[in-house]
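In the working numbering, the protein residues as written are 137 to 233.
This is how it looks when you write it as structure tokens:
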């Protein structure tokens with residue numbers, strides 16, 4: 137049902153420029169952003185993801201077991217649950233909900 141989403145893994149050595157390039161290349165795709173550990177969760181990355189999410193035509197899901205954000209709804213603890221969120225939002229878009 138869903139198109140294959142693209143995965144970006146935020147590891148310890150990832151720079152914000154790499155995340156921006158990822159979003160630019162995947163503007164029309166569903167995106168899953170996986171934080172490899174809690175050290176990678178910082179305001180700069182979160183703000184960039186939120187900024188892109190407001191202009192993105194597809195779904196962006198963050199995978200993290202320890203992250204809660206009021207302004208970002210799509211947070212899942214596992215890859216499977218991230219795929220479920222994408223599938224639900226694809227159905228909603230197709231039904232124009």
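All C-beta atoms, glycine included, are put in the ideal place defined by N, C-alpha and C. If you're wondering where the values come from, they're calculated on a predicted model, not measured in any experiment.
Q. With 16 other CB atoms within 10 Å as the buried threshold, where does residue 195 fall?
A. buried
Q | For residue 181, the first and last residue of its enclosing beta strand (DSSP E) | A | Per DSSP, residue 181 belongs to no beta strand (DSSP E); it is in the alpha helix (DSSP H), 179–191.
Q. In the structure shown, what three-state DSSP assignment does residue 159 receive?
A. helix
Q: May I ask which residues mark the beginning and end of the beta strand (DSSP E) holding residue 145?
A: 142–146
Q: Spatial neighbours of residue 140 within its chain, please: CB distance less than 6 Å, with the 5 preceding and 5 following residues excluded, ordered by chain position.
A: none
Q. Count the other CB atoms within 10 Å of the CB of residue 199; is the residue buried (16 or more) or exposed (fewer)?
A. buried
Q.
Quick check on residue 215: does DSSP put it in helix, strand or coil?
A. helix
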